[in-house]
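Working notes, structure below.
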Amino acid sequence: MSFLRLRDLIRAVRCCKTAADERSVIQRESAYIRTSFREDNGMDARYSNVGKMLYIHLLGYPAHYGQIECLKLVASGRYSDKRLGYLGIMLLLDENQEILTLVTNSLKNDMNHSNMYIVGLALCTLGNIASVEVATDLVDEVERLMESSNTYIRKKAALCGLRIVRKVPDLRDGFIEKTKHHLTDKNPGVVLAGLALAQELCATGERALQSYRALVPTLVRQLKSLLTTGFSPEYDVSGVSNPFVQVHLLRLLRILGRGDPAASELMNDILTQVATNTDAAKNVGMSILYETAVTVLEIQSDTSLRVLAINILGKFLANRDNNIRYVALSTLTRAIATEGTAVQRHRNTILECLNDADISIRRRALHLAFALIQPGNVRIMVRELLTFLEVADAEFKPGMTSNICAAAERFAPSRRWQVETVIRVFQLAGNHVREENLDNFISLVANQAELQPYVVHRLYALLAQDLSQVALVQAGVWCIGEFGDHLWSTSPAASLAGAEDGSVGGEAAGDGPVAPGDVIQMLATVLRVPYTDGVTRQMALTALLKLADRVQGAPGPSNDGVDSLVSGTGSGASSYTSQIRSILADHTASVNVEIQQRAVEYQNLFRPEFDGARPAILERMPVPEYHPEKTVAAGDLLLGGGGADGGVGVAVTDTLSLGGIGSPGPVAAAPAKRSNADLLMDLMDDGSDSAPSAASLGGTYSARAAPAAAGNAVDLLADLFGDTGVSGSPATSPHPVASPTKLSPMATASGANDMFDLLSGTDSSPAPAPVESSYECYHKHGLLVTLTPRKDPSRPQDVLIRVRFINQLPDTPIASILLQVAVPTSQTLHMQPPSSTELGPNEEASQNISIHNPNRSPLRLRLKVAFAPGGNKVTDIVQFAGFPATIV
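For the sequence shown, my numbering begins at 14 and goes up steadily by one.
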């Protein structure tokens, strides 16, 4: 059974109770429509069938078989047939289909039709699906129609010209002069279309920009007339006269005034009038005020006018509409680079947005809050951010921890305050701290000798309360291993007095000196709790080993008075060493091979023959180089220095936007620099005149000379592995090692084995990573797409490609980014989702691709890139075969 009318088909589909019933109806009707198309039952039947086919297409079922039938309807002389045919073409075809070229002749004929509505249909179709070839063929017709006496046709032709300029920028010169007449037209619809085309022309060509700047006085008069014109019911929206034209006039003035002082001067008065006379009670008024504020901030306007624009945005923050608050926060983030002082006045309102129920508002307010930080308010801002960190969503915490640490580094009033701030971050969100921040904290503490007693007391007190925060535990374990002797040799009060003033909380680290036995038991607890990860356990074992050297001369367990603790009689050293050896022995049978190996190696160090070498091995690590810039890079911090106006300089790129917070990723390591001697090389080198050096906790190599008693440490260390089955290199045969590389105090999880393998006979120096090259495959409409290939040694037949999408537009976001890739049939493609499908100005996103290439054939990619810069959809197809022959 077939349905003769579209209405009957719609009714039948609505009556279906299940999806299977609906599919049955659609399949039956589709079969009938295809049969009718083959039999060519006349124009009336074709009209009815195409209508039903388009309805089927809208339901999501295939309807490609009707493309030619739509072309036949377009060739009909009836308006109703043409209307349905052009609708079908716009729905079923896109600019990349070859069948579109068959429509060119029909479009050209209809553009010359006497019926303005048929001309409008042709222009509408061309403006929606014009390809480069079709646009080139019909550009002359569009330019001619822009001069038509009919306002309806002129408006449609201008919008069609907008599509042509976007698809073929080389054709823009022919539209420059014709668009000027549209800008002064009496019909608001024609003016609106002309403004849209003029904005596109100015954005893509310097010639158009210079040409239209002469029209600034005319545009200013038009905007002024809209403000002073009385009530016009035809174009009035909520009491605002023709708001759409006002918005587009402001956008064009913004483009023309950017970088031109003369043009900006002509706009100051009218912008002031718009800002003061527009009613902000309704959304339509707010949209005009928003465009006015953005225009003022982007042109070279007066200082008072810029302050007025910031105040307008500040009022938006108090609005109940989330959309209005969001755009205000985004605009203030961009404006803070030049108007830092004015934005600072709204700091309290911005901080209140951190508690908003909408996550997007919280995220954007967080971006702006970090941008507000400067030396004068760093204490207040960091305190507020720490309060928010305590209740923040998990996705915010990785970025927040890095950014707070970077702010503390950049604007800290004192090192004591910086240390206390970072410790507080570890305490609140230690499970979300990036490795770079922990690494930098350890370097900072190692470089601040006067702070070390306070830090170790403070961390010990915090570990006694909470062992669930990974970064806090790792920092505490490291400091206890290096500076644990301060726990029983100094009191917390003395350490607090010796440090600089200006902590975040000013909390005492404890009541008095800590007994060495309690410190050892603390490390034993770290090893015992089930949620301690492998890297932390390895660190705790090494810290225990180092404490065996630190407790030499420490008071015994019975001497629990403060005086005896400080005196250091040394009577309890053997007792403490026995405790340490007992704990190490408990881990010699660990199921974790790395922990087991460390425990066995450390146990061997207590053999009598190593008594001379042990102090050198367990001495404190040399002071590592302090790289505060790693903290900033780790968090992509949106911070700036104090500008001329006292404000904070912030990159307009908004580097904290969406992907920064909540999206932790690997940070490229700084180039290795030889600052300390390579421990393993020193241990194995028999040609050195000095005694061998020793390593300490943290993985940085020691360059200190060992005591003379350790002169035979090389042979002794080589004999350490007699019980473990691992043989060390003899002193007469140096073990080959890679070039010495400075390790960070906190190694990565993958590098932790190297950090704790200081006594191993195997070479743990990593090979230098190959330099990865990027190849540009697409660069149009402000979007740059690059491909970075690399080979996976474990899977030689696979090629891993990292695709980067970079928005190079200074003030235009790009949305709806979609990448489709095709490879030859001999290869298999696997794509992961992109990190983001929306990019703000100067932001970037990435996407990973894996290609399985069993035949090792050259890589040839066909990429379809779709995106929408400024809401204008762009789709391009590119071929890429530019990888070197080694990437197969």
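The C-beta atom is built at its ideal place from N, Cα and C for all residues, glycine as well.
Residue i versus residue j: straight-line alpha-carbon distance, rounded
i	j	result
Ala894	Leu874	6 Å
Cys29	Pro75	19 Å
Ser870	Ile819	29 Å
Leu284	Gln840	59 Å
Leu832	Arg803	20 Å
Ser119	Val181	21 Å
Leu618	Ile349	59 Å
Ser161	Cys83	28 Å
Ile890	Val391	49 Å
Asn416	Phe383	7 Å
Leu536	Val490	7 Å
Gly853	Leu822	9 Å
Phe439	Ala32	54 Å
Val836	Glu146	26 Å
Ser603	Gln616	14 Å
His794	Glu213	11 Å
Pro426	Pro388	8 Å
Ser706	Ala629	Residue confidence is low: Ser706 scores 35 on pLDDT, short of 50, so the model does not pin down where it sits. No coordinate-derived value is stated.
Ala726	Gly625	Its pLDDT being 39, under 50, Ala726 is placed unreliably in this model, and the value from its coordinates should be taken loosely. About 8 Å.
Ile46	Asn62	6 Å
DSSP-derived helix/strand/coil call for residue i
i	result
Val155	helix
Phe818	strand
Pro637	coil
Ala858	strand
Glu146	helix
Lys877	strand
Tyr248	coil
Tyr791	strand
Ala828	strand
Pro411	helix
Phe893	strand
Lys804	strand
Ser849	coil
Leu2	This structure cannot settle anything about residue 2, because the visible part of the chain is limited to 14 through 901.
Closest residue to residue i among the options (Cα-Cα distance)
i	options	result
Leu175	Val203, Asp198, Lys191 and Gly140	Gly140
Asn255	Leu279, Val203, Cys215 and Gln223	Val203
Val258	Arg271, Lys237, Ala275 and Tyr78	Lys237
Thr291	Met280, Glu304 and Arg376	Glu304
Asp371	Ala405, Gln610 and Ala553	Ala405
Ala612	Gln551, Ala561 and Pro635	Gln551
Gly73	Lys191, Arg36 and Met413	Arg36
Gln810	Pro837, Ile900 and Ile830	Ile900
Ser251	Thr231, Met299, Asp599 and Met280	Met299
Val178	Thr197, His194 and Leu151	Leu151
Val878	Thr241, Phe439 and Gln892	Gln892
Ile596	Phe409, Ile533 and Leu100	Ile533
Thr838	Ile864, Ala858 and Leu279	Ile864
Glu352	Ile323, Arg541 and Arg220	Ile323
Beta-carbon proximity list for residue i, same chain, < 8 Å, skipping 5 on both sides
i	result
Leu136	Met124, Val155, Leu158, Ile166, Lys169, Ala170, Leu172 and Cys173
Ser829	Thr850, Glu851, Ala879, Phe880, Ala881 and Lys886
Proximity test, residue i beta-carbon vs the ligand FAD heavy atom, cut-off 7 Å
i	result
Val798	Of ligands this structure carries none, so the ligand FAD is not represented either.
Residues near residue i in its chain [Cβ-Cβ closer than 6 Å; skip 5 each side]
i	result
Leu208	His261 and Leu265
Cys366	Ile374 and Ala378
Ala529	The amino acid at residue 529 is misidentified as Ala; the sequence shows Pro. Once the five neighbours on either side are set aside, the close Cβ partners of Pro529 are Trp501, Val564, Ala567 and Tyr589.
Thr801	Glu785, Ser787 and Arg815
Phe329	Ile337 and Ala341
Beta-carbon gap between residue i and residue j smaller than 8 Å
i	j	result
Ile608	Leu557	no
Leu451	Ala484	yes
Thr825	Pro882	yes
Leu345	Leu326	yes
Glu789	Leu797	yes
Gly525	Gln482	no
Leu228	Lys199	no
Asn866	Val812	yes
Glu108	Ile142	yes
Beta-carbon contacts of residue i that lie in its chain and below 7 Å, excluding the five residues immediately before and after
i	result
Tyr8	No answer is possible for residue 8: it lies beyond the span of the chain, which begins at 14 and ends at 901.
Tyr68	Leu19, Leu22 and Ile23
Val469	Cys492, Ile493, Phe496, Gly497, His499 and Leu500
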